[in-house]
Amino acid sequence: MDALQAIFSRRSIRKFTRQPVAGDQIEILMKAASVAPSAGDQRPWHFVVITDTAVLRKLSAAMPKCEMLDTATLGILVCGDEALEKIPGYWVQDCSACAENILLAAHALGLGAVWIAIHPIPDRFNPCREILNVPENIFPFALIAAGHPNENLQGEDRLDPSRIHNNLW
Ligand SMILES: Cc1cc2nc3c(=O)[nH]c(=O)nc-3n(C[C@H](O)[C@H](O)[C@H](O)COP(=O)(O)O)c2cc1C
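Note that my numbering gives residue 149 to position 149 of the sequence shown, counting from 1, and the numbers run on in steps of one.
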C-alpha cells in the first residue's frame, strides 16, 4: 500500500478479532511513531505498549465510552514529557503527529486502530495513570486501540471546497 492509498482508505476501527498483533508488527508501529515530525526534532514522547488483554479490559472498565478496548488486542499509550521539550508548548502537536503515524502504519499493515482521546480528560488520564503506573510528570496523551479488524469501513471523500481559501481567505 502506498502512502496516499493508506491516507485515503484509513478509517477508525473499533471492533477487533481475537488474533494478537505479531511482535514484528508492533515493532514497525513503534518505529513509525518514533519517526514522526516534532518541533526542533525534540521527540517529547514515551509509549506504553499494552499486549496484556486483561489490562486492556481493565482500562475499558475504568474509562467512559472505551468499549473498543473490550476487543482490542493491542494498546499503545502515547505520553508527553515536558522535560524533553527544547521548545516549550509543542508536546501536544508532536504527540499528535506520533499518533497519526501509528494509525497510518497500522492500516498499512492490515491492522485496524482508533485514537482514544486521553488528554485533557481527567476521567481518562487518571485511570491510565493509575492502571499503567505512569509517573506524575508524564502526560498520558492518546491511547491507540488496535488489533486485527473485525469491521470493514471504506475510505470517504471529505473534501469540502468551501473550506479551501485560495491565495486569500
Ligand atoms: C484527537 C482525537 C480524539 C479522538 N478521540 C476518540 C475517542 O475518544 N473515541 C473514539 O471512539 N474515537 C475517537 N477519535 C476518532 C474519531 O472519532 C474519528 O477519527 C472520526 O470520527 C473520523 O472517522 P475516521 O477516523 O474513521 O475517518 C478521535 C480522533 C482524534 C483525532
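For each residue, glycine too, the CB sits at the ideal point set by N, CA and C.
On a predicted model such as this, the values are computed, not experimentally measured, just so you know.
Closer than 7 Å to a non-hydrogen atom of ligand 1 - does that hold for the CB of residue i?
i      : result
ILE144 : no
ALA32  : no
Taking residue i as the reference, give the member of the options with the closest Cα.
i      : options                           : result
LEU74  : GLU151, CYS95 and ASP52           : ASP52
ALA86  : ALA62, VAL35 and ALA39            : Contrary to the premise, residue 86 reads as Lys rather than Ala in this sequence. Minimum Cα distance to LYS86 is reached at ALA39.
GLN25  : LYS15, SER12 and VAL49            : VAL49
THR71  : GLN154, LEU84 and LEU56           : LEU56
ALA113 : PRO122, HIS119 and ILE102         : ILE102
PHE141 : GLU151, LEU153 and PRO127         : PRO127
ILE28  : ILE116, ILE131, LEU143 and LEU104 : LEU104
PHE47  : MET63, LEU132 and ASP157          : LEU132
LEU143 : ILE118, GLU151 and GLN93          : ILE118
ALA54  : ASP2, LYS31 and ARG18             : ARG18
Which value, in whole angstroms, describes the spacing of the CA atoms of residue i and residue j?
i      : j      : result
ALA97  : SER60  : 24 Å
HIS165 : CYS95  : 28 Å
SER34  : ARG43  : 8 Å
PRO149 : TRP169 : 41 Å
ASP160 : PHE8   : 15 Å
ALA146 : ASN167 : 40 Å
GLY110 : PHE125 : 29 Å
ALA99  : VAL78  : 7 Å
GLY89  : ALA22  : 35 Å
PRO135 : SER162 : 44 Å
GLY155 : GLN5   : 10 Å
ARG179 : GLY80  : Given a span of 1 to 169 for the chain in the structure shown, any question on residue 179 remains unanswerable.
PRO122 : PRO37  : 27 Å
ILE138 : LYS58  : 21 Å
PHE16  : CYS66  : 13 Å
HIS107 : ALA83  : 32 Å
LEU153 : ASP2   : 19 Å
Beta carbon of residue i: closer than 7 Å to some heavy atom of ligand 3?
i      : result
GLU100 : Ligands in the displayed structure: ligand 1; ligand 3 is not one of them.
Starting from the N-terminal side, write out each stretch of the beta strand (DSSP E) that is 3 residues or longer and does not extend beyond the region 45-90. 45-50 and 74-81
Which residues have a Cβ closer than 5 Å to any heavy atom of ligand 1, listed in chain order? Put simply, the residues with a CB less than 5 Å from any heavy atom of ligand 1 are ARG11, SER12, TRP115, ILE116 and ALA117, in chain order.
Every unbroken alpha helix (DSSP H) inside the region 88-159 [4 residues or more]: Entirely contained in the region 88-159, the alpha helix (DSSP H) runs reaching 4 residues are, in chain order, 91-108 and 122-132.
Output the residue ranges of the alpha helix (DSSP H) runs that lie fully inside the region 9-35 and measure 4 residues or longer, sorted by chain position. Qualifying alpha helix (DSSP H) stretches, in chain order: 23-34.
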